[in-house]
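Numbered per this note's numbering, the sequence shown finishes at 245, counting up by one with no gaps.
C-beta atoms are modelled at their ideal positions from N, C-alpha and C, and glycine is treated no differently.
Working notes, structure below.
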Amino acid sequence: MLATVQRPYVVVGRRPTVAILSSGDELVEVGDERGPGQIVNSNTTALAAFCHAHGAEPIMLPIARDDEAVIRATIISALKADFAVSSGGVSVGEYDFVKKVLDDLGAETIFWRVAMKPGKPLVFCTVDGIPYFGLPGNPVSSMMSFLQFVRPAIRKASGYREADWPLPEARAQIEHPVDNDGGRRQYMRATLSYRDGLLFARTAKSQGSHMISSMIGANGFVVLEPKQQAAAGDTIAVQIVGPIF
């Protein structure tokens with residue numbers, strides 16, 4: 001088409017780069033032997049896959065151990081990218097150094113902690129003008145936070161119009177009762193299907209923030225406001241993250 005209309009050159013934008021780091025003494029890299037109490041660093045791999053899927057080039061950094069100096073050096077390295085994204089270390093535990101290091105580096109905190117489930121312990125700040133997202137350490141919390149906050153930033157930087165920054169939203173009939181008895185907006189992993197001209201939603205049985213398997217078959221999220229209840233057949237808000245059949 002461009003050749004047909006005599007356009008040998010067009011203006012394009014490069015994909016933004018996203019440096020990804022995970023912190024914690026309990027982590028081991030994929031393929032390494034696990035010791036007592038250790039878990040595989042799946043977050044870096046998952047976040048890198050999300051970057052590819054949503055238009056960015058990931059830079060996967062090594063695990064940052066629970067040492068303030070190590071985390072400082074890793075964060076400084078991450079700030080060479082267009083965006084920096086970390087998972088873990090942003091809560092208030094004795095070894096959660098990420099937030100402290102960011103403050104020491106002069107970060108301008110835009111917000112810290114979000115009224116959403118999963119994904120409450122999230123920090124967004126800028127360090128020397130570079131946007132930094134400190135995501136929770138639990139795998140599903142990390143992925144959900146990415147989709148709700150990092151994805152829109154990537155799409156904005158990529159030149160998408162503002163209406164296309166967030167995930168697509170729709171209304172669907174819930175196939176069973178759902179209940180959010182907490183005080184935060186809840187995003188429930190769900191399977192969306194299209195039948196007889198209507199969109200239907202069924203949530204995964206397990207909604208724990210550690211249950212990575214619940215993300216595999218999910219092509220959408222049921223969104224419930226605080227204290228919201230819905231009976232089978234009610235129409236509820238959903239976000240779409242995959243193909244619907």
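Contact set for residue i: own chain, Cβ-Cβ below 6 Å, skip 5 residues either direction
{"i": "residue 224", "result": "180, 186"}
{"i": "residue 27", "result": "41, 63"}
{"i": "residue 210", "result": "138"}
{"i": "residue 107", "result": "125, 127"}
Alpha-carbon to alpha-carbon, residue j and residue i
{"i": "residue 156", "j": "residue 162", "result": "7 Å"}
{"i": "residue 226", "j": "residue 120", "result": "14 Å"}
{"i": "residue 87", "j": "residue 137", "result": "5 Å"}
{"i": "residue 36", "j": "residue 221", "result": "34 Å"}
{"i": "residue 129", "j": "residue 15", "result": "18 Å"}
{"i": "residue 102", "j": "residue 89", "result": "11 Å"}
{"i": "residue 178", "j": "residue 243", "result": "23 Å"}
{"i": "residue 7", "j": "residue 165", "result": "28 Å"}
{"i": "residue 228", "j": "residue 183", "result": "10 Å"}
{"i": "residue 195", "j": "residue 236", "result": "16 Å"}
{"i": "residue 68", "j": "residue 126", "result": "19 Å"}
{"i": "residue 115", "j": "residue 53", "result": "26 Å"}
{"i": "residue 191", "j": "residue 231", "result": "17 Å"}
{"i": "residue 43", "j": "residue 167", "result": "21 Å"}
Extent of the continuous beta strand (DSSP E) run through residue i
{"i": "residue 190", "result": "185 to 195"}
{"i": "residue 17", "result": "17 to 22"}
{"i": "residue 60", "result": "57 to 60"}
{"i": "residue 84", "result": "83 to 87"}
{"i": "residue 238", "result": "235 to 240"}
{"i": "residue 172", "result": "169 to 174"}
{"i": "residue 222", "result": "220 to 224"}
{"i": "residue 130", "result": "130 to 135"}
Short CB-CB distance (under 9 Å) between residue i and chain B
{"i": "residue 175", "result": "The structure shown contains no chain B; it is built from a single protein chain."}
Buried or exposed by the 16-neighbour rule on C-beta atoms within 10 Å, applied to residue i
{"i": "residue 117", "result": "buried"}
{"i": "residue 81", "result": "buried"}
{"i": "residue 133", "result": "buried"}
{"i": "residue 122", "result": "buried"}
{"i": "residue 238", "result": "buried"}
{"i": "residue 96", "result": "buried"}
{"i": "residue 2", "result": "exposed"}
{"i": "residue 85", "result": "buried"}
{"i": "residue 11", "result": "exposed"}
{"i": "residue 4", "result": "exposed"}
Presumed contact (8 Å Cβ cut-off) between residue i and residue j, rounded CB distance
{"i": "residue 241", "j": "residue 204", "result": "Not quite, the Cβ-Cβ distance comes to about 13 Å (not below 8 Å), so this is no contact."}
{"i": "residue 175", "j": "residue 202", "result": "5 Å"}
{"i": "residue 172", "j": "residue 199", "result": "4 Å"}
{"i": "residue 23", "j": "residue 140", "result": "That belief does not hold up - the Cβ atoms of residue 23 and residue 140 are roughly 18 Å apart, past 8 Å."}
Contact test: residue i Cβ vs the ligand NAP heavy atom, cutoff 8 Å
{"i": "residue 135", "result": "Questions concerning the ligand NAP fall outside what the structure shown contains, since it holds no ligand whatsoever."}
Sequence-distant residues of the same chain with beta carbon closer than 7 Å to residue i, five excluded per side
{"i": "residue 25", "result": "65, 66"}
{"i": "residue 49", "result": "none"}
{"i": "residue 248", "result": "The chain is shown from 1 up to 245; residue 248 falls before or after that span and cannot be answered."}
{"i": "residue 72", "result": "101"}
Own chain partners of residue i with C-beta closer than 8 Å, once the 5 adjacent residues on each side are dropped
{"i": "residue 55", "result": "15, 16, 154, 155, 158"}
{"i": "residue 83", "result": "16, 17, 18, 19, 56, 130, 131, 132, 133, 150, 153, 154, 157"}
Enclosing alpha helix (DSSP H) for residue i [first to last residue]
{"i": "residue 47", "result": "42 to 53"}
{"i": "residue 201", "result": "First-last for residue 201: 198 to 203, but that is the beta strand (DSSP E), not the alpha helix (DSSP H)."}
{"i": "residue 108", "result": "That residue, residue 108, is in no alpha helix (DSSP H); its beta strand (DSSP E) goes 108 to 112."}
{"i": "residue 126", "result": "Looking at the DSSP string, residue 126 is not in any alpha helix (DSSP H); the run it does join, the beta strand (DSSP E), is 123 to 127."}
{"i": "residue 1", "result": "No alpha helix (DSSP H) contains residue 1, which DSSP labels as neither H nor E."}
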